[in-house]
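Below is one structure; the comments refer to it alone.
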Amino acid sequence: MSTYRTINPRVRRPSSVAKPRKSIGLTIAMGLFLAYALVPLGWLAINATKTQPDLFSGSGLAFGDSFALWDNIVQTFAYNDGIFLRWLGNTLLYVVVGAGGATLLATLAGYGLAKYAVPGRKAYFAVVLGAIAVPGTALAVPTFLLFSQLGMTNTPWAIIVPSLISPFGLYLIWVYTLESVPKELLEAARMDGASELRIFLTISVKLLTPGIVTVALFAIVATWNNYFLPLIMLSDPDWYPLTVGLNQWSQQASGVAAEPIFNLVLTGSLLTIVPIVAIFIVLQRFWQSGLSAGSVKG
Amino acid sequence: MTNLKRRTILAGIPAALTTILAGIPAALTTGALAACGSSTEEAAAGKPADLDAALEKGGKLTYWTWTPSGEDQAKAFMDQYPNVEVEVVNAGTATDEYTALQNAVAAGSGAPDVAQIEYYALQQFSLSDSLVDLTQYGFADLEDQYTASTWGAVNLGGIYGLPQDSGPMVMLYNQAVFDEFGIEVPTTWDEYVAAAQALHAADPGKYLTNDAGDPGFAQPLMWQAGGHPYTVDGTDVKIDLQDEGTRRWADMWNQMLEPGLLAPISTWSDDWWKALSDGTVSSLIIGAWMPGILEGSVPDGAGDWRVAPVPSYDGSPATAENGGSAQSVLKQSKDPALAAAFLRWLNSSEESVDVFLGSGGFPSTTADLTSEEFLSVAPEYFGGQKINEVLVAASENVVPGFEYLPYQVYANSVFPDTVGTAYTELSDLNAGLTAWQETLVTYGESQGFKVN
């Protein structure tokens, strides 16, 4: 594996990779996978350009008679006194405080557990591993009952506090620290008289950056897409994140006072995924280097 | 989770959620039933004169509703009573709101002062001691203002709400499609089934109507057929989903379902709206509130749709209530007299009902139903037909005496798992109804009811 890291591009790839065999089967499988991933996105992009009546006539995979994307965007932001913007702000709040906090806590705890002698470390390790196996959805109802006893339902804290805990992030930083922060380096720094905090901030954090970004990326995506927890925690639309808000718009198409606004649901969905796609594209290079850096050591 | 096939994913998630959550608050509130002795005492202290005093004094209220005119009604109220501030919150449509409401009741805080609750769900909330009995504020005097069927829906051994709207069932049909295929407007269910066969045979892409298994539709149809599947007396509950009337409906609907004459499209799904637009589905058996929605949201059907009474079994007119809501005052309200005063204004004052009617709602107040102005409306969308004459006639033909379960929200949430299989397999509805009954009996007993 270490050949990947050598600088000379001519010897960068083993010959079997430099002259790859063409595999029709694999190409078809890749194509199917690509279509599987892209068709729903394409459908969303196409249908976000249609007016409500246009959505009900003609094929879902072709453009309609009108091109109303801009109108839809304006309407989405204006509908119901601009509640969409409020939901966007809420989502950002939950992501910045919740996912940001989760990353911070996971980094501190993971690093600490990896580099310091903590009593009961093995038991802690087992608990964290076990916690990774429990899906958040299964905990949502008990969490709700707990928060309702604390009187914290229907507040932003009901979303932020549960988001702060990321056992997977902690585990990842823990393992990553063992791999990428050499003990010798820390010892050298200590010899030079650096405090533990300074060592952490100036040396370890830099070495851990790819791992931290990875954890942040996971936490951001999880918080951005969080649906079930806010759905049961919140009843005031002023605190909804985008996911729950869009569902409310979608549900508006049913019942005695039905007012379908599918065009706004679709445009809103499209607008909702734009930031998360952008974050992913910007941060993915850190992530890639993080994954490969983990593999060269050893 | 076979029902997921028939639903959009978005619609499936809240349904599954309600199933999970429905059990928790209900279990908690059974405890509340036993512990509520003191709250009834203090509630009984209210009197009619309190309402005007409360309006004078003023205060702040929270009102949960998904009615489109809710915001405008609240504004009109605040113009009239400047001391009162009403915050309108859309906490979700129907079951989404009930989940939030049950959560707030279970949590002991966070409930609004006034909330919109559909008639079928009202008993569930009144029996779990979440609602204020409005009798103490003299609401019994308001009875004359409402149709018999809507008053019956809020008068549950106490007045637990005030009717906002009503939904006597009628038949909407697409005249253009009927003309194209030479179909006469059916007046009996036998004719309706025959028309469905003729239409689907002439064009397999077209259906007379759709039904993918919807408890909010099936139960009004049982009601219309003379079924009384539920009898409730305090905590004694009797469930018989095979009584004469219910079987009558199931046997008739089997003739539609088993040969595949029902379009397998969920009502309210995006597919459904599309099917109404392009003529795939050419008639609806639905509440009287639907014409306004059709006109507002299916512009392609302009001029094509008409209204007729629901087909009957024996030639004599009979219908049922489909949908419709009341507003209720929650026990958690810090100022129940003010909340009741707002509610009285909301659903019985002319100023408020006018705003509601202006948004296309269908009233529950007899004065509005019988007014010359209302009856003479002849929308172009319905080819100039005086549709309200048909709708109001329906409101007078509602079969009396139908009751819902005290855990109807839960019951509806498990309908897809039991009766729903008959819809996916195109098999006998009676088998599905029997399975549903078993689930409901078991659940009721686990909640402390004496069932069957």
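Respectively, the protein sequence lines represent chains A and B. Take the first sequence: its letter number 270 is residue 270 in full-length UniProt numbering, and every next letter is one higher. Take the second sequence: its letter number 221 is residue 221 in full-length UniProt numbering, and every next letter is one higher. The beta carbon of each residue, even a glycine, is placed where N, CA and C say it ideally should be.
Assigned with DSSP and collapsed to three states, residue 152 (chain A) falls in coil, not helix or strand.
With contact defined as three or more Cβ pairs closer than 8 angstroms, the region 319-330 of chain B and the region 114-125 of chain B are in contact. Taking 7 angstroms as the cut-off between beta carbons, the residues of the region 243-272 of chain A near chain B are 247, 248, 250, 251, 252, 253, 254, 255, 256, 257, 258, 259, 260, 262, in sequence order. Contact between residue 173 (chain B) and residue 280 (chain B) is ruled out by a C-beta separation of about 14 angstroms, above the 8 angstroms threshold. Close CB contacts of residue 145 (chain B) within its chain, under the 8 angstroms cut and outside five residues either way in sequence, are with 348, 365, 366, 367 (chain order). Proximity of residue 85 (chain B) to chain A, defined by a Cβ-Cβ separation below 9 angstroms, is not satisfied. Each of B:290, B:414, B:193 was checked against the Cα of residue 444 (chain B), and the nearest Cα belongs to B:414. Between residue 363 (chain B) and chain A, the shortest Cβ-Cβ separation is not below 9 angstroms.
Remark: C-beta atoms of residue 310 (chain B) and residue 276 (chain B) do not approach each other more closely than 9 angstroms.
Beta-bridge pairing by DSSP links residue 306 (chain B) to B:173.
Following the DSSP letters along the chain, one finds residue 64 (chain B) in no alpha helix (DSSP H) but inside the beta strand (DSSP E) bounded by residues 59-64. For residue 165 (chain A), the three-state secondary structure derived from DSSP is coil. Residue range 290-297 is occupied by the alpha helix (DSSP H) that includes residue 297 (chain B). Neighbours of residue 90 (chain A) in chain B, taken as residues whose beta carbon is under 7 angstroms from its own, are absent, since the nearest beta carbon is some 15 angstroms off.
Using a 10 angstroms sphere on the CB of residue 232 (chain A), the tally of other CB atoms reaches 16 or more, which defines it as buried.
Here residue 55 (chain A) carries a helix assignment [DSSP, helix/strand/coil]. Contact between the region 44-51 of chain A and the region 256-269 of chain A is present, with at least three C-beta pairs closer than 8 angstroms. Around residue 255 (chain B), the same chain offers 193 as residues with beta carbons nearer than 7 angstroms, after the five sequence neighbours per side are excluded. Residue 268 (chain B) reaches chain A at 253, 254, 255, 258, counting residues in chain order whose Cβ is nearer than 8 angstroms. Selection A:145, A:155, A:168, A:92 evaluated against residue 127 (chain A) yields A:168 as nearest (Cα-Cα). When B:100, B:109, B:253, B:341 are compared, the shortest CA-CA separation from residue 84 (chain B) is found for B:341. Taking residue 206 (chain A) as the centre and dropping the five residues before and after it, the same chain places no C-beta closer than 6 angstroms to its C-beta. Cβ-Cβ separation between residue 236 (chain A) and residue 154 (chain A): approximately 6 angstroms, consistent with a contact (criterion under 8 angstroms). Of all residues in the region 220-232 of chain A, the ones placed with a Cβ closer than 9 angstroms to any Cβ belonging to chain B are 227, 228, 231, 232, in chain order. In the structure shown, residue 377 (chain B) falls within a coil segment according to DSSP collapsed to helix, strand and coil. Per DSSP, residue 258 (chain B) lies in no beta strand (DSSP E) and is assigned neither H nor E.
DSSP places residue 204 (chain A) within a helical segment (H, G or I) once states are collapsed to three. According to DSSP, residue 230 (chain B) shares a beta bridge with B:239. Along the region 71-90 of chain A, there is no position whose C-beta sits under 7 angstroms from a C-beta of chain B. No Cβ of chain B is located within less than 9 angstroms of the beta carbon of residue 180 (chain A). The beta carbon of residue 151 (chain A) falls within 9 angstroms of a beta carbon belonging to chain B, placing the residue at that interface.
Under the three-state reduction of DSSP output, residue 407 (chain B) falls in the coil class, being neither helix nor strand. If you check the CB distance, residue 95 (chain A) and residue 220 (chain A) come in under 9 angstroms.
Within chain B, the residues whose beta carbon sits less than 8 angstroms from that of residue 236 (chain A) are 89, 91, listed in sequence order.
Residue 199 (chain A) is not a Cβ neighbour of residue 178 (chain A), given a cutoff of 9 angstroms. For residue 67 (chain B), at least one C-beta of chain A is nearer than 9 angstroms to its own C-beta.
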